[in-house]
Each structure stands twice: as structure tokens, then as C-alpha cells.
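full-length UniProt numbering puts the last residue of the sequence shown at 149; the count rises by one with no breaks. Below is one structure; the comments refer to it alone.
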Amino acid sequence: MKAVADMNPQEIAEASARAMWNDDAASQRLGMSLDHIAPGQATLSVTVTEAMSNGHGNCHGGYIFTLADSAFAFACNSYNEMVVAQHCSITYINPVRIGDRLTATAAEVSRRGRSGIYDIRITNQDGVHVAEFRGHSRTVKGTHVPVDA
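Have a look at this one:
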């Protein structure tokens, strides 16, 4: 593997995502896929199963939140720094049905010092906007890929 110091920003984002994905049992076991990664950006998707339905026969909002939160995590951790969520909120716009393919697209809004703000748009297979998520991040100690001294 190439040394982090010799990687460009895209390579750092990809290496960070690989390291995170390898340890992300929740996203993997829920059937998510990591479709795109770049510095400050990530796209994840999942197909809604019957096990994800609520009492109304729609997708439970917690699964939509989890998809968005995973996209947020990959976007804000794309600089080979350990970053955690400080605050998150979601607004549900349209119902999600069993069988829908959801895509969460995360984009960095601001990254200054140890704080970041990311917006995540969740759409279905028809491009219908189903939810909007905003995450505030905080950088902590550590890296995903070891940095040579």
C-alpha cells in the first residue's frame, strides 16, 4: 500500500473508506452499499426490505436515518482523520415503501478546525426526495490509515 504522504486526496478518501467499511458491521449487515467516495462526499444505498417496515407498512424512519448517518460518517471521515457525529437531525418528506431503493448522498457544507457540517439528501429509485439529514461532526484523535512518522 502507498504511504499516506504519497496519496492524493482521492486516494486518501478511498483508503479511509476501505478501512472504515471493513469494520462497519451495521452498514454491511443492513445491506448497504458504498457507491461513491471523494473528499467530503459519500453516496450509500440500500433496498428497503419487509424487515425494515413499520406499523404503517412503510419504511421505519430509523432505517432512513441510519442510511443517512452512514453516508455522513463516510463523508466526514474521508480525510484520514477520526471523526464522530456531534449532532444530527432529519426531516422526513415522503413515505418510503418496501422494495424502494434508497440513495443517501452526503456533501460537505463546512469544515473548519475540528468541526464540520454535512448535508445528506435521501432519494428513492425514481429520484423522489424522501428525507433531508444534516450532520455536525467533530474530529477526535486517530487515523483510519496509519501515517508514517
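Note that CB positions come from ideal geometry on N, CA and C, so glycine has one too.
Check	Outcome
Nearest CA to the CA of S115: which residue from T139, A75, P95, I64?	T139
Can you list, in chain order, the residues of its chain with a C-beta nearer than 8 Å to that of N54? Leave out the 5 residues immediately preceding and following it.	H60, G61
Please classify Q6 as buried or exposed, where buried requires at least 16 other C-beta atoms within 10 Å of its C-beta.	Looking at the sequence itself, residue 6 is Asp, so the reference to Gln does not match. That one is exposed.
Any idea what DSSP makes of L67, helix, strand or coil?	helix
On the premise that I122 lies in contact with S78, defined as a C-beta separation below 8 Å, what is that separation, rounded to the nearest angstrom?	Between I122 and S78 the Cβ distance is about 19 Å, and since that is not below 8 Å, they are no contact.
Smallest Cα separation from L30: which of T143, A51, I12, D119?	A51
Drop a sphere of 10 angstroms on the beta-carbon of D100, count the other beta-carbons inside from all chains shown, and report buried for 16 or more, exposed for fewer.	buried
Going by other Cβ atoms of all chains shown within 10 Å of its Cβ, with 16 needed for buried, is H56 buried or exposed?	exposed
Does the segment 130 to 147 come into contact with the segment 66 to 81, if we say contact requires no fewer than three beta-carbon pairs (one atom in each stretch) closer than 8 Å?	yes
Which ranges would you report for the beta strand (DSSP E) in the segment 73 to 105 if only whole runs of at least 3 residues count?	83 to 92
Quick one: what does DSSP say R29 is sitting in, helix, strand or coil?	helix
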